[in-house]
Amino acid sequence: MHNELILAGFGGQGVLLIGKLLAYAGMKAGLEVTWMPAYGPEMRGGTCNCTVVLSDRQVGSPVTNRPHGAIVLNLQSIDKFEPLVRPGGILVVNTSLINRPAVRTDIVVVPVAANQIALEAGSAKAANMVALGAFLGASGVVSPDLVRDVLAETFAGRQKIVQLNQVCLSKGYEIGQAFVPALAGR
Amino acid sequence: MAKKLMKGCEAIGEAAIQSGCRLFFGYPITPQNEIPEYMSARMPQVGGVFVQAESEVAASNMLYGAAGAGRRCFTSSSSPGISLMQEAISYLAGAELPVVIVNIMRAGPGLGGILPSQSDYLQATKGGGHGDYRVLVLAPSTVQEAADLTMEAFDLADKYRNPVMILGDGLIGQMMEPVEFKRRIEPEDLPEKPWATTGNVGRAPNIVNSLYLRAEDLEQHNLALGAKYRAMEAEVRHETYRTDDDPEVLIVAYGTVARIARTSIDNLREKGLKVGLFRPVTLFPYPAAALAATAARAKHVLVAELSMGQMVEDVRAIVAGRVPVDFFGRCGGMVMTAEELAEQAEKLVSVPA
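Protein chains in written order, with the numbering used here: chain D, 18 to 203; chain W, 3 to 355.
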């Protein structure tokens, strides 16, 4: 098992956070993990991404230009990362903010209206969690239960936040699971 | 202690605390700001001191004072800041003061940029400041190793009464990996330093100085320092990866590039190509004998660095023409991909030695 994943969006959409949750969940699953933020002369409102590697062996490069999967939450991110996903990989697309379809046909595209779903569940801020759930549903890289545990630990004492995020994760997970047969066909 | 997910910078900061260090002096610079940020929060919790100095020059001279008083202390900076500290590092080496200096390298020269680089290798390993001196240089490749080597750095600094440098790059500083801290030393458990200037009540005065006006004395001092640097060769260490079957191409890389190389090697091995890795962990002293022996079993050596070619000079001197040595580097803050590096190695497989 070796997965290199890129998570990308606007600064403030919480892509670094879902990357950390994924890395923690990977640790709980007994995997080797790395989390690497793209850092540079960034500006407020600019784009933001991180790379998470989950592996059953020691992680070599913590950065990748051929990810097995990507979560893109805004237009700039799909433009930048869709071409990089490995054939057969997974691309989770936030259709609430991305007004064009993915063009690749050799990858599994998981469209999810993350902002809308999160808003309906209580807050659009949890759109990142919907997208993460969708990715977990489609890929099965780690169990969503582990991410739920990590959420409860990360936001201990803030029950409302934990609950909202867990609900959004589950909603995304269900959507993602529908794409498992498409993946199995490859 | 359970494993925690931490940034390389934070792990270095925590490791310093676990080593009994209670004094941090520094000045902010990207990409190592997480170290002073972490220390500013943690030092008050453990009764330590965090000082944001007015400049790197000041911070490095505060180290001189604190180390002279016999206390464990450290600073961290990134390339341009480390250049500003070179005068003090020369004085620290001359006065034989144990300090730990962390350089999370960024691209240069000059202000350069804030992205990762390995272009301070020559500065770190060949002295850096004026005068005949060396600092011990340790190059971590994982966050766990960054923590472990930081803890060792304090011990080595005390053992040799010499500055020790942790040489990382922006990637290792910013990356998060699981880390655990394997031991904890309290400041009061550290051995006394009988040479330190702690107030000469009831004993003869101690003097901590790097000034020797008589040539005869200074030559003796230089000879003694030289002997000490040779004694440090007991500390050399390295790691090899997939070199047991006499690889056709031996990649030599340190720090972050070494882990990128592991990925390249795994991919090339899947294609049936015999490629291995030699990773120096100590850059000064350099694991020269081990490299010479490993390289002798290969057909080609490929040195990979985030620089225009610095460590390659040492590798060429050590290999001494017995095997051809090629170089591949990216610079300016560009980080080579595993594919790029694999391509360079693959080219050499088809070149007859």
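We put the beta carbon where it would ideally sit given N, CA and C, even for glycine. Owing to the predicted nature of the structure, the values given are computational and were not obtained by experimental measurement.
Check                                                                                                           : Outcome
G172(W) classed as buried or exposed, judged by whether at least 16 other C-beta atoms fall within 10 angstroms : buried
Distance between S140(D) and I37(W) (C-alpha atoms, nearest Å)                                                  : 34 Å
Cβ pair A159(W), V102(W) closer than 7 Å                                                                        : yes
Nearest candidate by alpha-carbon position, reference A155(W), set M8(W), L343(W), E56(W), F76(W)               : F76(W)
Cβ distance (whole Å) where I124(D) is taken to contact L108(D) below 8 Å                                       : 5 Å
Contacts that R261(W) makes with chain D (C-beta to C-beta distance below 8 Å)                                  : V76, G77, S78, P79
Within chain W, the residues that N66(D) reaches when beta carbons sit closer than 7 Å                          : Under the 7 Å cutoff, chain W gives no residues; its nearest Cβ is about 13 Å from N66(D).
A40(D) and W52(D) closer than 7 Å at C-beta                                                                     : yes
Outcome for H85(D) when other beta-carbon atoms lying within 10 angstroms are tallied against a minimum of 16   : buried
Whole-Å CB distance - V2(W) paired with A13(W), under 8 Å assumed                                               : Outside the displayed range of chain W (3 to 355) lies residue 2(W), so it cannot be described from this structure.
A46(D) at chain W interface by Cβ criterion, 7 Å                                                                : no
Nearest-angstrom Cα separation, counted from S85(W) out to L213(W)                                              : 22 Å
R108(W) at chain D interface by Cβ criterion, 7 Å                                                               : no
Secondary structure of L108(D), DSSP reduced to three states                                                    : strand
Inter-residue spacing [alpha-carbon to alpha-carbon] between Q346(W) and S57(W)                                 : 42 Å
Three or more C-beta pairs below 8 Å linking the segment 162–176 of chain D and the segment 6–20 of chain W     : no
Contact set between P180(W) and chain A, taken where Cβ atoms lie within less than 7 Å                          : In the displayed structure, chain A is absent; the protein chains listed are D and W.
Candidates A71(W), K276(W), I174(W), of which the one nearest D247(W) by Cα                                     : K276(W)
Chain-ordered chain D contacts of K5(W) [CB-CB under 9 Å]                                                       : M44
Min CB distance R264(W) to chain D below 7 Å                                                                    : yes
Min CB distance Q176(W) to chain D below 7 Å                                                                    : yes
For C23(W), the three-state DSSP class (helix, strand or coil)                                                  : coil
Reduced DSSP secondary structure (H/G/I, E/B, other) of N20(D)                                                  : strand
Residues from the segment 136–150 of chain D in contact with chain W, defined by Cβ distance under 7 Å          : none
Those residues which DSSP pairs with Y162(W) across a bridge                                                    : For Y162(W), which the question treats as bridged, DSSP gives no partner whatsoever.
Endpoints, the beta strand (DSSP E) within which Q54(W) is located                                              : 51–54
CB of V147(D) within 7 Å of CB of G193(D), strictly                                                             : no
Where D268(W) falls: helix, strand or coil (DSSP)                                                               : helix
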